[in-house]
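So the structure is just underneath, and the comments pick up after that.
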Amino acid sequence: MLDIFVPADTTACALGADAVAAAVITEANIRKVEINLIRNGSRGLFWLEPLVEITTEQGRIGFGPVTVEHIPQLINHIFEPDITDNTALCLGLIDQIPSLKNQQRVNFARAGIIDPLSLKDYLAHGGYLGLQQALTMTAESMVDQVIASGLRGRGGAAFPTGIKWRTVLETPAEQKYIVCNADEGDSGTFADRLLMEADPFQLIEGMTIAALAVGASQGYIYLRAEYPKAHRVLQQAIDLAYSNSYLGKNIAASEHQFDLQIRLGAGAYICGEETALLESLEGKRGQVRAKPPLPAISGLFGKPTMINNVLTLATVASIFARGADWYKTFGCNRSVGTLAIQLAGNIAQGGLIELAFGANLRDILVDFGGGTATGKPIHAVQVGGPLGAYLAASEWDIKLDYETFNDANAMLGHGGIVVFDDSVDMLQQARFAMEFCALESCGKCTPCRIGSTRGIEVIDKIQQGEQPKQNLILLEELCDTMQYGSLCAMGGLTPMPVRSAIKHLKKR
Amino acid sequence: MLQYFQPDKDLGTPTSSAADAQNKTVGLTIDGVLTHVAVGTSVMRAAAQAGIKIPKLCATDSLAAFGSCRICLVEIEGQKGYPAACTTPVQANMVVTTQSDRIASLRRNIMELTISDHPLDCLTCATNGNCELQDTAGEVGLREVRYGFDGANHLQAAKDQSNPYFTFDPAKCIVCSRCVRACDEIQGTFALSIESRGFEAKVSAGQNQSFADSDCVSCGACVAACPTATLTENTIIKSGQAEHSVITTCAYCGVGCAFKAEMRGNTVVKMTPWKDGKANQGHACVKGRFAFGYVTHQDRITTPMIRDNIDQPWQPVSWEQAFSFAAQRLRDIQARHGKNSIGGISSSRCTNEEVWLVQKMIRAGFGNNNIDTCARVCHSPTGYGLKATLGESAGTQAFASVDHTDLIMLMGANPTDAHPVFGSRLKKRLREGAKLIVVDPRKIALVDAPHVKAAFHLQLRPGTNVAFINAMAHVIVSENIANESFIQDRCDTTAYQQWHEFIIDSKHSPETTEDITGIPAQQLRAAARLFASSGNSAIYYGLGVTEHSQGSTTVMGIANLAMLTGNIGREGVGVNPLRGQNNVQGSCDMGSFPHELPGYRSVTDASNRAIFEQDWGVSLDPEPGLRIPNMFDAAIDGSFKGLYCQGEDIAQSDPNTQHVEAALLSLECLIVQDIFLNETAKYAHIFLPGSSFLEKDGTFTNAERRVSRVRQAMPPKAGLADWQTTLGLAKALGVDMHYDHPSEIMAEIARLTPTFAGFSYARLDELGSIQWPCNEAAPMGTATLHIDTFVRGKGLFAVTEFTPTTERANRKYPLLLTTGRILSQYNVGSQTRRTKNNQWHEEDRLEMHPSDAEQRGINHGDWVGISSRAGNTVLHVKLTHNVQPGVVYTTFHHPLSGANVVTTDNSDWATNCPEYKVTAVEISKVLSPSKWQQRQQSFNNKQQSLLDQKDKTIASNSHEQ
C-alpha cells in the first residue's frame, strides 16, 4: 500500500490539487495499484503546489508543481517512487528542500505532514502533550508559564499574551470566554488559514489550554467567511475533538469543561479588530468599541474575554508541550519565538516561511523568495498588511522583529510581505491605502470615516497637479489627524503606507 | 421658574457606574487644577465638574461614552497619543492637559473633516443659535475647510418627513450615533441603527425604512440627543428657537414627567423633558413631548356658555352671568329636592389645588359629601386595599427603586404603552439583567421586546386575578419559602395565622387553580419560586388589577405577597400601582371621596371634621355622600338633580354608557368645566371653559407620590384658570373662599393635612419636587414607605377569598372583552385626538384571535358587532395572536367606538370601581354601525350645530353693537 499525499489546502486546490488527486485515483484504479490517498494540508511552499508526496523508506519524496496534465507521464514515477529520480518535477526528499530545511518550524511543524483530520496523526506527532501538561498545573502557574515564554500576540499588535491572560484570570466573573480571532483579513497573509487547514487540532488544543488557564468554559472561533475550507476542516476537527472527549465535559478525563463553536464573519475587514469582532460576535454591527474597558475585563457580552489570534493560541500548545525555556531559545530582542512570514505579491517563490524573529528581510526576498515572478527588479515591499509601511531596497537590511520595525516607522504586523516590481506607481499605492481604509472603515470615528475619503480626493488632486505643494501639506496633516485622532488602528495606521509611499515618491 | 432659554448643562458623560463610585474618590490634576471625583468618572466629566469645558460632539451626559467624534482629545502624562476625554476614566494622580497648540490643531483638523460633509447654511438652519456642532466649530476655531466642497458628500440626501413631529435631514448628519444610542439606551426601542460602513455610514430607521414605517415610537429621545439640525422638531423649524422657558409638569399619565416648556412669547415651540425631573430624568414619550397642540386647537372653547335645556343653542355669557346662573340653579334644586340632591366630580387632570377647592366648595358650599373623582373608575381599589393591609393608600416606592430590583412582577399593566417613560426605565433594568414575570391575558410588548424577554408570561383568563395571586401565595407558603422573620417582626401574627390557615388549603394550589386561571401549574410554581427567591422582588400593577369585581381583593393579595416574601420597606421592592392620570394620586389625596376628607380621613369621625370645620368656619355633613355610580342611579331615580363636573368625561369613560346617558339626561343642572365640549358637555346646561396645564399654576402628584409644580406658561385662553373658575362659582354660591394664588391653597393643604405639613411652593422650588409624606418627621419627603414599620403599625394579611365574577362567558356571550390603552392616545382622547398622534391610532379596533375569528367567518379588517348584556357597538377587527383564544380586546380613545356601551355596571365590591376588564360578549360580522352609534352620531351632529349657533349669536351680538 502506497501512501500518496495531495494537499486539500485552499491554495493547492486553487492550483488544481483536486484534479490531480482525482487523476491519481483513476490511474491507480486502472493500474490496480493499491494506494492510500491522503489529503494533507500544505507545507506552505506555494510555488510547488500542487505538491504530491509519496512515502518511501527513506522519507517522503515530492513532485511539484504537478498539474493534471502531468499525470499520464508522471504516474509511473509516483507509483514507483525513487529517491534518485531526476525527472523534472521530482523534488527528491521533501525535507531536504532548502526552502523547507532552512526554516524553523514550530507552529507549522506538522503542516503538510499529517492528515489534518486524523486525531491519531496529531497525537503521533506530539499533539495534546501541551494539554496533558496543562492539566497538571494550576491556573496561576499556567499563566506564569505563558508570561515566562515571552509570547506576544501574533495578530499584529504584539501585546504580551501572558499579561492578557492574567487580567482575564484575575477578573472575577461567573462566565468568561475564549475568542479566537481567525478573521485573517490582511492582504498577502494566509498563515492562520494554512494552520487551520493543515493542523486544526493545534488551535483547538491551544484554546483548550487557554480556557483552563483563565477559567473560561466557552470558546468561539471567529472565522472569516472567505475561508470555507478552513471552516469545514475546523468544524470536522471540533466534532472529532468532541467525540474523543477533547472538548465538552470532562476534557481528557479531567473535571474541566470547554465548549467550542465557530462563528463566521460577514466580510468586514474591521471585524479583525478585536472590539469590532466582539460586537460582531454578539450579533451586532461590526463597529469598534472604545477602550477601556479592555476585553479582558469586559469583552464578549460584557464578560472577561481572552481574545487572541490563531497563531498565538496555537503556539500555546507548543509552549506547554515543550516548555517556556525551549520557546525562548527562538527570537531576538523582546520578540521571542518564531514569526510566520507570508511571502506574497509579485514573488517567484511565494509561501509560508517560519523563522525565529530576527531574520533579515533581504534574505527572505532573495533566498526564499527568489526575486519577482515577473523577473523585474523588486522595487518595494509592503510588510505587515495593508496598514504596513512600504520599504524600498535601501531599507531591506532590516531584522524582522517588532522592535526594529517599530524603530523604522514600520510594522511587522501579522507577518505578511507583499512584493512589488518596478512597475509599481507609489502614488497609486498611497491612494490605495486610503481607498482600503475608506472601504473597510467601520465608520464610527470621524478621522477614519471622513479622512480616508478626503485622503483619496487629496491624492487625486496631487496626481492631477492641482496645487501639489499645498495638497501634500494637507495630506500630511490629514495623516497626522488620522494617526493621532482615530479610535482604532485602522485609521491610526493607514497613514503608515501612505507616508512611506509618498516618501519613496519624493526620493525619486 | 421663568427663565431665559438656555440649553441644559451637559457634563458629557453620565455619573460613574463603578460599584464603589458612591464612596471612593480619585484626585487628579486637569490644566493645573487639582480636583477630586468619584472613581470611574470620565476625564471629560471630571473636567466639566471642575469648570473646564472640553469640546465634544458625540458625548452627552445622558448616554454612555462612545468616543466617535474625537473632538475631545486631551493629553495625559505618561500615556501615548491623545486619549479621548469621554472614554478615558480618571486615575489617581493623573495629569491632564485639555488645551495646547497641538491639541488645538488636532481638534481643528478633525472638525474640518466633519464640516467637509456638512452644509454651510447656518443662517437659514432651524437650529441656528442652538446647535452643538456650530458651537463646537466655534470653540475649536475652525476657519476654513481646505478639502473644498466638491468631494464626496451627503448634502443631497433626502429628508424624511414621515414623522408628524420631527424631520430627519440626513444631509446635516455627522454620524455621531447619539440618536441611535438614545433609542437604545434611553428609550430601549432599538429602532435606529447605523447602516453601511465608512463614509457611507448613515443613520437608518428600521431596515432602512422611514421613521414612520420603522419600530420608532416617536418618543423624541433621538431628537433631543441630536447635536445638529439632523433631527429637529417641526415646531422649531416652523417657529424658530425659544427665547424663554418655564419648568412644569406633564399633564398626561401618572409618571409625571418634568418638562421645560420652551416658549416664544405665549407660544410653546418645544417641550423638552427636564433633565433634573426626578420622575423622568430627561426622558419623555410621544404624548408629553410632542402632543401639546391640543392646547391651541380650534376646538378650545373660551367663553362661558349657558342654556336652559340641551335642545337649545348655547348662549355665550360673561363669567359672572355663568356663575350666577349656575348658583341659582343649584340652590333652586337644593330648595326643591334637599341639600343632597346636588354634587360634584373633581378632576384627576386638574391640580391638587383645584381639586382641593372643588371638594371644599362641595363640603362647605353644597353642604354634603357628594364629591367623587375618576379614581373611582381606576385605582380606588388600590387606595382601599393598600390602606387596609399596609396602612397607606399609595404606592410604596419611588420610580428610581426599580433600578435596584432583581425581579419585576408586572400584573395587569402595560407600561410601554400607558406609562412609557417608566416603561423605558423598566426595560433598562431588564437589560441590566433583572428578571420579569408578566401576568396578563394579553401578550403585551414587554413579553418579548428587543433585548427584553419575560421569564414567564402567565397568560391568565380575565377575571381570575384573585385565584392567581392566591396560588402564588399558596406555593410560597406550602413550599416553606416565605420570609418568616419578616412576618414575625413586621406583621400582625394573629391575622397571619388566620390567613395561613386560609391559604394553605389545597383549593389554592396551582394544580387546582389551573382550571380557573388557565395558567399551567408548573409555570405558576416556578414563577412563585422565582418571586420568593430573587432578592429584591417588586410588584408593578395597573388597571388590569383594579378594574374588576374583586379589584380590592387582588390589591390586598398583592400586598400579602409582598409581605409574605419580605419585599416591602426598602429600595428595589414594594407594591407599585402605576396610576393612570397625571394627578389621580393627588385628587385622591385631596379628599375627593364621599367618605373621606383630605388625607384619607373618615368623614364620619367628628374629630376629623372638626379640623376642617374650625379652619373653614362651617359645619360639615357627617354622612358620607354619593359615589359616581350612586349619583347616576340617584339621578335616574330622581333624587339627584345637579352635578358640577370638572375635567372628567363621564359620558365616554364610565361603563354602561347608555345608563350614564340616561342619568345625565335626568339632571336639571349639569355644569361641565372642560377645555373642550367633551361628550359629557353635550348634555350640559352650563359650560365653564377650562384652562390647560400650560395656563395655570398648581401642583400634580404622580404615581410615586411625587408632588411637582405646574407653572403657568401662557395666560388662560378663557381668562380664568380652573381654580379661579371654581372660586367664582363658590362665591356665587355664597361660600367664603378667597385665594390670590394657588400657593395660598397649598398653604391651606399643608395646614390641614399632616402628610403635607412640610409642603409650600417655596419648598417645592427649592427641592424641585417632593414625595409625600413631607412633614417634620420627613422634611425632604419620603421615597420609600413602610421602612421600619408599616404606616398602620403591623402589616395585615387579609383573607382573599376568590369569588368568580358574575360576568362570565356563556353560550350567548362566549367571549371575554377586556379594554386598555395605547401609546399614542390618552384615555378618552379629548387631547390626543386633537393632535397628530391620530396618525398612529385613528380608530379603536377590536383585537381578536384568528381562531375565534375563523369560527365566526370574520376576516381581518371586517366590521364586527360586539354585543354584551349592556349594549352593542361596532368596530373594525384586527386579528392578532397577542390575545388568547376566547379573549377580545379594544381601546376606548374614540367616543364613537362605544367601548363603554358594551361594558357593564358590575363593579368592585369595596369601592364600586367598574369591571371594565371583563365583559362577556359575542362578536359577529356586521355591515353597518350599531344603533347606538347611529343615534350618537346624530346627537353629536345636533350638539355641534347648537355649538355653532353660539358663534352666530356672538356674531349677531357684535353686529348689534
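Going line by line, the protein sequences match chains A and B.
The letter at position 355 of the first sequence is residue 356 when you use this note's numbering, and the numbering goes up by one with no holes.
The letter at position 51 of the second sequence is residue 109 when you use this note's numbering, and the numbering goes up by one with no holes.
Each residue gets a CB set at the ideal place from its N, CA and C atoms; glycine is no exception.
The structure presented is a predicted model; accordingly, all values stated were derived computationally and were not measured.
Alpha-carbon to alpha-carbon, residue j and residue i
i, j, result
"A:SER119", "A:ALA9", "14 Å"
"B:PRO862", "B:THR522", "7 Å"
"B:ASN292", "B:GLN245", "21 Å"
"B:VAL984", "B:ALA507", "35 Å"
"A:GLN61", "A:PHE47", "This sequence places Arg at residue 61 of chain A; Gln is not what is there. Approximately 18 Å between the Cα atoms of the pair."
"A:ILE263", "A:TYR221", "6 Å"
"B:ASP732", "B:GLU706", "8 Å"
"B:ARG204", "B:ARG103", "32 Å"
"A:ASP193", "B:ASN594", "49 Å"
"B:VAL416", "B:VAL375", "22 Å"
"A:LYS377", "B:PHE207", "42 Å"
"B:PRO987", "B:GLU980", "16 Å"
"B:ALA263", "B:GLY878", "28 Å"
"A:VAL337", "A:THR330", "8 Å"
"B:CYS116", "B:SER268", "23 Å"
"B:GLY423", "B:ILE294", "47 Å"
"B:ASN634", "B:ILE597", "6 Å"
"B:THR286", "B:GLU301", "19 Å"
Same chain only: Cβ atoms within 8 Å of residue i, ignoring 5 sequence neighbours per side
i, result
"B:GLY1027", "This structure cannot speak to residue 1027 of chain B, because chain B is shown only from 59 to 1019."
"A:VAL25", "ILE5, VAL7, ILE36, LEU38, VAL53, ILE72, ILE76, ILE79"
Other residues of its chain near residue i: CB distance less than 6 Å, five sequence neighbours each side excluded
i, result
"B:CYS343", "CYS277, PRO478, VAL479"
"B:GLY923", "ASN930, VAL932, SER982, VAL984"
"B:LYS493", "LEU465, ALA513"
"A:CYS333", "PHE358, GLY359, ASP402"
"B:GLN299", "GLY187, ASN188"
"A:VAL21", "VAL7, PRO51, VAL67, VAL69"
"B:CYS130", "MET102, ILE112, LYS114, ALA142, ALA143, CYS144"
Residue i versus the options, residue with shortest Cα-Cα distance
i, options, result
"B:GLY70", "B:PRO147, B:GLU133, B:GLU135, B:ALA77", "B:PRO147"
"B:VAL730", "B:ASN167, B:ASP227, B:SER262, B:PHE381", "B:PHE381"
"B:PHE698", "B:TYR599, B:THR194, B:ASN426", "B:ASN426"
"A:ASN103", "A:ASP368, A:ARG323, A:LEU204, A:SER319", "A:ASP368"
"B:CYS183", "B:SER592, B:THR290, B:HIS532, B:SER827", "B:THR290"
"B:GLY90", "B:ARG128, B:CYS127, B:GLU135, B:VAL153", "B:VAL153"
"B:MET169", "B:VAL524, B:CYS234, B:SER724", "B:CYS234"
"B:PHE72", "B:THR759, B:GLN339, B:ARG201", "Checking the sequence shown, residue 72 of chain B turns out to be Pro, not Phe. Ranking the options by Cα distance to B:PRO72, first place goes to B:GLN339."
"A:LEU196", "A:ALA231, A:CYS438, A:CYS272", "A:ALA231"
"A:VAL144", "A:GLY163, A:LYS121, A:LYS462", "A:GLY163"
"B:GLU450", "B:THR612, B:LEU843, B:ALA805, B:LEU582", "B:LEU843"
Cβ of residue i within 9 Å of any chain C Cβ
i, result
"A:LYS292", "Protein chains in the displayed structure are A and B, and chain C is not among them."
Cβ neighbours of residue i in the same chain (closer than 7 Å, five flanking residues each side left out)
i, result
"B:ILE391", "SER399, ILE400, LYS699, GLY700, GLU726, CYS727"
"B:GLU737", "ASP707, ALA709, GLN710, PRO953"
What alpha helix (DSSP H) runs, 4 residues minimum, are completely inside the stretch 793-824 of chain B?
-> 800-810
Give the residues from the stretch 138-153 of chain B that approach chain A closer than 9 Å (Cβ to any Cβ), ordered along the chain.
-> GLY139, TYR140, ALA142, CYS144, THR145, THR146, PRO147
With 7 Å as the C-beta to C-beta threshold (strictly closer), list the residues of the stretch 153-174 of chain B near chain A in chain order.
-> LEU164, ASN167, ILE168, LEU171, THR172, SER174
Contact set between the stretch 243-256 of chain B and chain A, restricted to residues whose Cβ is under 8 Å from the partner = SER251, ILE252, SER254, ARG255, GLY256
Enumerate, from N- to C-terminal direction, the unbroken alpha helix (DSSP H) stretches of 4 or more residues contained entirely within the stretch 414-439 of chain A.
-> none
Can you give me, in chain order, the residues of the stretch 439-461 of chain A that have a beta carbon less than 9 Å from any beta carbon in chain B?
-> ALA439, LEU440, GLU441, SER442, CYS443, GLY444, LYS445, CYS446, THR447, PRO448, CYS449, ARG450, ILE451, GLY452, SER453, THR454, ARG455, ILE457, GLU458, VAL459
Given a limit of 8 Å on CB to CB distance, which residues of the stretch 110-128 of chain B reach chain A?
-> ALA123, PHE124, GLY125, SER126, CYS127, ARG128
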